[in-house]
Every structure is written in structure tokens, then in C-alpha cells.
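**Q** Those letters in the sequence shown? Residues 70 to 519, by the numbering used here.
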Amino acid sequence: MGRLFGTDGARGVAITELTCELAMQIGRAAALVLTKETKHRAKIFIGKDTRMSSDILEAALCAGICSVGAQAVKLGVVPTPAVAYLVRTKGADAGVMISASHNSVEFNGIKLFASTGYKLPDVVEEEIEALILDHPEQIELQSHTNVGTIAEYTNAKEDYIAYLADCVHTDCTGMRMALDCANGSASATAQSLFTRLGAQVHMLSAQPDGTNINLNCGSTHMEQLMEYVKTHDCDLGLAFDGDADRCLAVDENGVLVDGDKIIAICAQAMQKAGSLKGDTAVVTVMTNLGFFHFAKANHIATKATKVGDRYVLEEMLSGGYNIGGEQSGHIIFLDEATTGDGELSGIKLMEILKRSGKKMSELAGLMETFPQVLYNVTIPAEKKGHWQEDTAIAALIDQYTQELGDNGRILVRESGTEPLVRVMVEGKDAQQIETAAQAITAQVKVFAGA
Numbered sequence: 070m071g072r073l074f075g076t077d078g079a080r081g082v083a084i085t086e087l088t089c090e091l092a093m094q095i096g097r098a099a100a101l102v103l104t105k106e107t108k109h110r111a112k113i114f115i116g117k118d119t120r121m122s123s124d125i126l127e128a129a130l131c132a133g134i135c136s137v138g139a140q141a142v143k144l145g146v147v148p149t150p151a152v153a154y155l156v157r158t159k160g161a162d163a164g165v166m167i168s169a170s171h172n173s174v175e176f177n178g179i180k181l182f183a184s185t186g187y188k189l190p191d192v193v194e195e196e197i198e199a200l201i202l203d204h205p206e207q208i209e210l211q212s213h214t215n216v217g218t219i220a221e222y223t224n225a226k227e228d229y230i231a232y233l234a235d236c237v238h239t240d241c242t243g244m245r246m247a248l249d250c251a252n253g254s255a256s257a258t259a260q261s262l263f264t265r266l267g268a269q270v271h272m273l274s275a276q277p278d279g280t281n282i283n284l285n286c287g288s289t290h291m292e293q294l295m296e297y298v299k300t301h302d303c304d305l306g307l308a309f310d311g312d313a314d315r316c317l318a319v320d321e322n323g324v325l326v327d328g329d330k331i332i333a334i335c336a337q338a339m340q341k342a343g344s345l346k347g348d349t350a351v352v353t354v355m356t357n358l359g360f361f362h363f364a365k366a367n368h369i370a371t372k373a374t375k376v377g378d379r380y381v382l383e384e385m386l387s388g389g390y391n392i393g394g395e396q397s398g399h400i401i402f403l404d405e406a407t408t409g410d411g412e413l414s415g416i417k418l419m420e421i422l423k424r425s426g427k428k429m430s431e432l433a434g435l436m437e438t439f440p441q442v443l444y445n446v447t448i449p450a451e452k453k454g455h456w457q458e459d460t461a462i463a464a465l466i467d468q469y470t471q472e473l474g475d476n477g478r479i480l481v482r483e484s485g486t487e488p489l490v491r492v493m494v495e496g497k498d499a500q501q502i503e504t505a506a507q508a509i510t511a512q513v514k515v516f517a518g519a
């Protein structure tokens with residue numbers, strides 16, 4: 070992980086940690102690094118989510134971009150994948166998304182995209198970091214008529230919605246859909262998209278006020294949607310996160326359908342249609358064991374990566390695969406998109422459901438979910454990266470790994486976006502994994518001084 074950029078861009082408490090000054094510096098450095106091969110005045114698209122701090126950071130980024138001679142083009146409130154799509158199809162040299170995704174309102178973040186629509190590889194992020202932290206004297210500011218300008222792309226949402234609508238080839242008229250937009254970016258696009266495809270849409274948490282993004286709603290708080298779908302006779306519920314690059318689902322009975330099951334449903338449908346490249350799905354080490362059992366039974370190969378959509382994407386690109394993702398609902402359909410897209414995932418799931426003639430609970434039953442326990446421990450900054458050296462933690466992990474054997478597994482890892490150590494234990498025996506998870510978590514808390 071870099072000095073400024075984590076697994077998904079730069080992130081922190083807006084204005085005090087992710088400061089205006091840092092945003093301006095990132096704008097300058099990113100413009101110089103990402104557009105150094107261009108022979109014209111560089112054009113950089115900027116999207117944002119609905120946090121009240123997004124406007125402030127947008128202004129700082131625009132100032133930074135223009136101060137080195139590039140043009141900043143504001144897209145307004147759009148999903149992260151809209152930035153990726155528009156950058157690669159509308160002639161931009163780079164893209165920026167201002168969002169802290171599923172995090173609460175006090176946080177914000179800056180994600181960068183190359184002209185290809187892909188997030189940046191580590192080596193390019195490190196070049197940007199080095200320019201900001203080590204060699205700021207190499208940043209050449211412009212003056213006179215060489216400074217950049219700020220413009221607005223007024224049709225950004227409409228162009229993105231039109232593209233997604235073209236990805237569905239089934240008449241979905243009559244589908245009863247509940248959409249939880251997390252009071253975030255999907256609030257600007259989801260209703261128009263799903264209505265265009267014929268669905269009867271019930272909108273939840275789609276009235277952002279700058280302060281309510283992800284607040285007891287969206288893909289991190291599924292309770293509202295689960296209850297609504299069950300009591301309002303909906304065929305399917307979909308929940309997005311703050312920047313709409315994730316999607317989780319709810320069946321007609323109000324039961325959660327997580328990212329693992331969505332990938333399983335889509336991969337099987339693609340396999341039957343002959344479009345699953347390499348007969349392979351790319352997942353992560355956090356993917357439920359039940360998925361691997363499902364895949365083996367259905368002759369679908371699996372590739373498991375480190376946690377983080379960038380690692381899933383790298384494996385997909387290197388192996389030529391076209392579906393991959395995470396349990397959290399961050400799913401990449403590489404034939405249509407260069408990054409995870411919650412609304413794309415949602416319309417694909419809706420299309421499969423419509424074609425099948427089944428209920429969502431029947432589709433989701435294709436995979437058994439093994440019991441899984443996840444605990445988070447807050448860790449102080451000075452101890453990050455050092456818990457692996459603690460012999461007491463290591464001994465407990467070894468002990469319970471042996472006890473679980475082939476019927477379970479343990480994964481302890483640091484979050485790439487929050488100051489947390491995550492303890493995940495999975496297996497067939499719910500009591501056994503709970504005991505293991507609590508013991509390991511307690512030892513991590515001792516180390517963290519919690």
C-alpha cells in the first residue's frame with residue numbers, strides 16, 4: 070500500500086485528513102503523470118458522490134488540474150463506474166472520482182482512472198505519490214494563457230444510463246424492483262435506468278441531502294431493504310453503496326443475496342450461454358467456501374486473489390476472464406465495464422431473473438453459504454502492519470486452523486480502506502467457528518491495546 074493511496078485511492082476524514090491542499094496536489098500531480106504523453110491540452114473528467122465535502126474537494130482538484138495547464142471537466146454527481154465509462158469513450162485523458170464509497174459521511178476519497186477507464190496500477194500511483202511527497206519542485210505551474218479551464222459535461226448521467234440500458238437484451242416489463250440508493254450516486258441514475266428497462270421501481274434512500282449518504286441504508290445496512298421487499302411484494306431488491314460500484318440483492322422473501330451468490334448466478338448463466346470466458350470466475354480469499362463447492366460442482370474454474378477489486382481485475386486481465394468480484398458486491402463484468410458497477414450488476418441479475426421465470430430465492434439456492442463469522446478490531450496507526458509479528462496471534466491462528474481442517478478456514482487481514490484488522494473464520498460448524506473467531510479477536514485486541 071502506498072503512502073497516499075490505499076487499495077482504492079486516497080481516503081480519509083474530509084478536509085482535516087484528506088485536505089483541500091492534498092486534493093489540489095493530487096490534481097496537479099495526477100494531471101502531469103497521467104497526461105505526460107499527450108500532445109494537446111489534457112482533459113480530465115471529475116465525478117463526485119453526494120457528500121457535502123465532495124463540492125469542496127472538487128473545487129480543490131479543479132484548481133490543481135488547471136494550475137498545471139490541463140482542463141477539468143465536471144460530470145456532477147455520478148456513480149464511480151460512470152467516470153470510468155465516460156473517460157474511455159468520450160476522449161478524456163484521465164478521470165477522477167471523489168467518493169469514500171461505503172464509508173460514512175465524514176470520510177471522502179479520491180480515485181483516479183487512466184484514459185483506458187481502468188484504475189491505476191501501483192507503479193503509476195507511486196509515481197504520483199513521489200511527485201507530491203518527494204519532488205514537489207518538479208511540478209511546473211502555468212500562467213498567462215497556459216492555465217487550464219473548467220467546463221461541465223451536462224449529459225454525463227444520460228450518456229451513462231443509455232449505455233447501461235443497451236447492455237440488457239430482455240424486456241423486463243412488469244418486474245417489481247426495490248432500489249436502495251444509499252442516498253448516494255445511484256440516486257441520480259438508478260430510477261431512470263430501471264424504469265427505462267420496463268421495471269416498476271420502488272425507490273428507497275434516494276433523497277441525498279449531503280449528510281445522509283450510507284446512513285442506515287445501502288449495501289452496508291440491508292435491513293430496510295430486506296423488510297421492504299418482503300412487505301411490498303417485490304420480485305427483487307437491490308442495494309448500492311455510496312458511489313454505486315457495489316450491489317447486493319434481496320430475494321422476494323427478504324433474504325440477503327450477497328456478492329458471492331450474485332457472481333454464482335451470473336457465472337452459471339454466462340456458462341449456459343457460452344459466454345463465460347475460460348469457464349472461470351475470479352474471486353478473492355474472502356469468498357465463501359460454498360462458492361468454491363458450487364463452482365466445482367458446475368465445472369466452473371476459480372481463481373482467488375487478495376482482497377480488493379484491483380487484484381480481481383489484474384487476474385481477469387492477465388487470464389482473459391470476464392467475470393469476477395467480491396462478497397461485498399463489487400462485481401466486474403469485463404465485457405461491458407472496466408471496473409465494478411453496481412447498477413450493471415443489478416440489471417444483469419434482473420435480466421437473468423426475468424428470463425428464468427423463477428423466483429429469486431430459487432436462483433439463489435444454487436449455492437450453499439457456509440457459516441462465516443467476521444469481527445473487526447480497530448488498530449492504532451503505529452501498530453498497523455505489525456500484528457503479523459505477534460506470536461500469540463500466530464499461535465492461535467495455527468491452533469484453530471488445525472482444528473478446522475478441511476471443513477473451515479481462517480483469514481486475518483488488515484483493511485485497505487479503514488484502520489481495522491479483520492478476523493474471518495468460516496466452516497460447517499457454527500459454534501466451532503464462533504469460538505475460534507472470538508479467541509483470535511480477543512488476542513488481536515490485546516495487541517492493539519483495545
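Note that the Cβ used here is the ideal one computed from N, Cα and C, for glycine as well.
These numbers were taken from a predicted model, which means no experiment stands behind them.
Work out the CA separation of residue 259 and residue 159 for me, nearest whole Å.
**A** Indexing the sequence shown from 1 puts residue 159 at position 90. Indexing the sequence shown from 1 puts residue 259 at position 190. Cα to Cα, the separation comes out at about 22 Å.
**Q** Report the residue from 128, 406, 147, 150 whose alpha carbon sits nearest the alpha carbon of residue 141.
**A** For the purposes of this step, residue 141 is identified with residue 72 of the sequence shown, where counting begins at 1. Checking every option, the nearest Cα to that of residue 141 belongs to 128.
**Q** Using C-beta distances below 6 Å, list every residue in its chain close to residue 174, excluding the 5 sequence neighbours before and after it, in chain order.
**A** Locating residue 174 in the sequence shown gives position 105, counting from the first residue. If we look at residue 174 and ignore the five residues flanking it on each side, its Cβ neighbours are 120, 280, 282.
**Q** Taking residue 303 as part of the alpha helix (DSSP H), name the residues at either end of that continuous run.
**A** Against the sequence shown, residue 303 aligns to sequence position 234. Unbroken run through residue 303: none, as it is neither H nor E.
**Q** Check whether the Cβ atoms of residue 268 and residue 242 sit closer than 9 Å, and answer yes or no.
**A** Here residue 268 refers to the residue found at position 199 of the sequence shown. Here residue 242 refers to the residue found at position 173 of the sequence shown. Yes; because the gap between Cβ atoms is below 9 Å, this pair is in contact.
**Q** Leaving aside the five residues before and after residue 295 along the sequence, list all residues of the same chain whose C-beta is less than 6 Å from its C-beta, in chain order.
**A** The count along the sequence shown starts at 1 and reaches residue 295 at position 226. Here the set comprises 319, 323.
**Q** Where does residue 83 fall in DSSP's three states?
**A** Taking the sequence shown and counting its residues from 1, the one referred to as residue 83 is at position 14. Here residue 83 sits in strand by DSSP.
**Q** Residue range of the alpha helix (DSSP H) that residue 469 falls in?
**A** For the purposes of this step, residue 469 is identified with residue 400 of the sequence shown, where counting begins at 1. Counting along the chain, the alpha helix (DSSP H) containing residue 469 begins and ends at 460-473.
**Q** Which residues in the same chain have their Cβ closer than 8 Å to the Cβ of residue 478, if we skip the five residues on either side of it in sequence?
**A** Taking the sequence shown and counting its residues from 1, one reaches residue 478 at position 409. The residues are 358, 470, 494, 495, 496.
**Q** Bridge partners of residue 482, per DSSP?
**A** Here residue 482 refers to the residue found at position 413 of the sequence shown. Answer by DSSP bridge pairing, in chain order: 491.
**Q** Return the first residue and the last residue of the beta strand (DSSP E) that residue 269 is part of.
**A** Position 200 of the sequence shown, counted from the first residue, corresponds to residue 269. Where residue 269 is concerned, the enclosing beta strand (DSSP E) stretches over 269-273.
**Q** Would you identify the three-state DSSP class for residue 120, choosing helix, strand or coil?
**A** Along the sequence shown, one-based indexing puts residue 120 at 51. Coil at residue 120, not helix or strand.
**Q** Counting along the chain, where does the alpha helix (DSSP H) carrying residue 244 start and finish?
**A** The residue you call residue 244 lines up with position 175 of the sequence shown. Residue 244 -> no alpha helix (DSSP H), and no H or E assigned at all.
**Q** Looking at the unbroken alpha helix (DSSP H) that takes in residue 263, where does it start and where does it end?
**A** Here residue 263 refers to the residue found at position 194 of the sequence shown. Its alpha helix (DSSP H) spans residues 259-265.
**Q** Taking its Cβ as the centre, do 16 or more other Cβ atoms sit within 10 Å of residue 391, making it buried, or is it exposed?
**A** Locating residue 391 in the sequence shown gives position 322, where the first residue counts as 1. Looking at its Cβ environment, which holds 16 or more other Cβ atoms inside 10 Å, residue 391 is buried.
**Q** Taking DSSP as the reference, what is the three-state secondary structure of residue 506?
**A** Taking the first residue of the sequence shown as 1, we reach residue 506 at position 437. Of the three classes helix, strand and coil, the one that applies to residue 506 here is helix, per DSSP.
**Q** Residue 407: beta carbon under 8 Å from a heavy atom of the ligand HEM?
**A** Although the ligand HEM was asked about, the structure shown includes no ligands whatsoever.
**Q** Could you name each continuous alpha helix (DSSP H) segment of 4 residues or more that falls completely within the segment 301-351, going from the start of the chain to the end?
**A** Runs of the alpha helix (DSSP H) inside the segment 301-351: 328-342.
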